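Following: one structure in structure tokens, then a few remarks.
Numbering (UniProt numbering), first residue to last: 1 to 341.
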């Protein structure tokens, strides 16, 4: 017996064919991944067959399984774990999750935290909005820190445009400078969208993190910046948005907090964060965070994202790029942290 799979010259013997009996189910798709059982009842989840009948085969809470297809059976979304008699309802499944004690993977969009979007700018602020203001007023010289020259330039601008000369950029000053209201809030509020959804694997989350980082390639290094790929970032700002895309929210820092005075060195905060697992450099894996000491000191001054094959993606002046794990500028590795365990 043969099956024709193309032209009259394309036949395959039946003994080498497996017919997918479930292909006619509603919303059926052949897809594979890893799911985790999330069930709070006793005895585990009772699996069903492709007609929706319980088979008295159970999978326990917290166990992980590879699935091979998705379909709708009797109005319920299901995942196929094995044969046609091993389907699990989607409501009893979850995606990859980190071990207890470490940052937990989020499956709802992460929101801005610590400082609300739309904050004013003053002395010692950094980030994208400061960078834009300094460039507009001619005080930018490669380092986006709101210095005294910028304070005085803002005062002069305000005085000449009928504003109270405080030296602080508020929304009114922002608009007079020729910027728009949407960017006043939008620059601050940007959080990278989640790049891995329900039932995503650990590898999916790592890919989401790295894919987000790649969106910044070629963008300028801007100290204190952690916003959208429309703008530049600094080293910890890049890593932070990558973590957001992967589904982690390291609450010791935030994208809005990063631009506020005293928070430039968030790489040091991440390095000290016990909710990110420390691993040996000899065990470095794709998706790990690499921290570097300033030469001649034991002070953390840089963080990069390891992408495999001895390379990192990083924001290092003058721009975001791909580099070797070590180079002339940052050759002393302090250690490695693993976001997804």
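Yeah, the Cβ is synthetic: ideal placement off N, Cα and C, and Gly gets one too. This structure is a prediction, so every number in the text was calculated from the model and none was measured.
Going by DSSP in three states, residue 246 sits in which element: helix, strand or coil?
helix
Which residues DSSP lists as bridging residue 326, in chain order:
Partner(s): none; residue 326 has no beta bridge.
What distance in whole Å lies between the Cβ atoms of residue 210 and residue 287, which are believed to be in contact at a cut-off of 8 Å?
Residue 210 and residue 287 do touch by the CB rule: their CB atoms are close to 7 Å apart, below 8 Å.
Of the residues 187, 109, 32, the one placed nearest residue 126, counting alpha carbons only
187
Just to confirm the assignment, what range does the alpha helix (DSSP H) spanning residue 267 have?
266 to 272
Distance between beta carbons of residue 71 and residue 8, contact taken as under 8 Å
At roughly 33 Å, the Cβ-Cβ gap does not stay under 8 Å, so residue 8 and residue 71 are not in contact.
On a Cα-Cα basis, can you pick out the residue from 177, 220, 55, 292 that is closest to residue 133?
177
Write down the C-beta distance between residue 145 and residue 124 rounded to the nearest angstrom, noting that I regard them as a contact closer than 8 Å.
7 Å
For residue 58, the nearest candidate out of 311, 89, 68 (CA to CA)
89
Step through the CB atoms of chain B and report whether any lies within less than 7 Å of the CB of residue 143.
Checking the listed chains, one finds no chain B in this structure; it contains a single protein chain.
Enumerate, from N- to C-terminal direction, the unbroken beta strand (DSSP E) stretches of 3 or more residues contained entirely within the segment 68 to 153.
69 to 73, 76 to 80, 87 to 89
When DSSP builds the beta bridges, which residues end up paired with residue 337?
278, 289
Please go through the segment 189 to 223 and give each complete alpha helix (DSSP H) segment of 4 or more residues, from N-terminal end onward.
Within the segment 189 to 223, the complete alpha helix (DSSP H) runs of at least 4 residues are 202 to 214.
Tell me whether residue 314 is buried or exposed, calling it buried when 16 or more other Cβ atoms sit within 10 Å of its Cβ.
buried
In terms of residues, what are the limits of the alpha helix (DSSP H) holding residue 304?
For residue 304, there is no enclosing alpha helix (DSSP H); the enclosing beta strand (DSSP E) has its first and last residue at 300 to 308.
Looking only at its chain, what residues have a beta carbon closer than 6 Å to the beta carbon of residue 77, apart from the 5 residues adjacent to it on each side?
90
Using DSSP with H/G/I as helix, E/B as strand and the rest coil, what is residue 55?
strand
Could you check where the alpha helix (DSSP H) with residue 25 kicks off and where it finishes?
Note, residue 25: premise wrong, no alpha helix (DSSP H); not H, not E.
For residue 231, does the three-state DSSP call read helix, strand or coil?
coil
Which of the three DSSP states, helix, strand or coil, is assigned to residue 294?
coil
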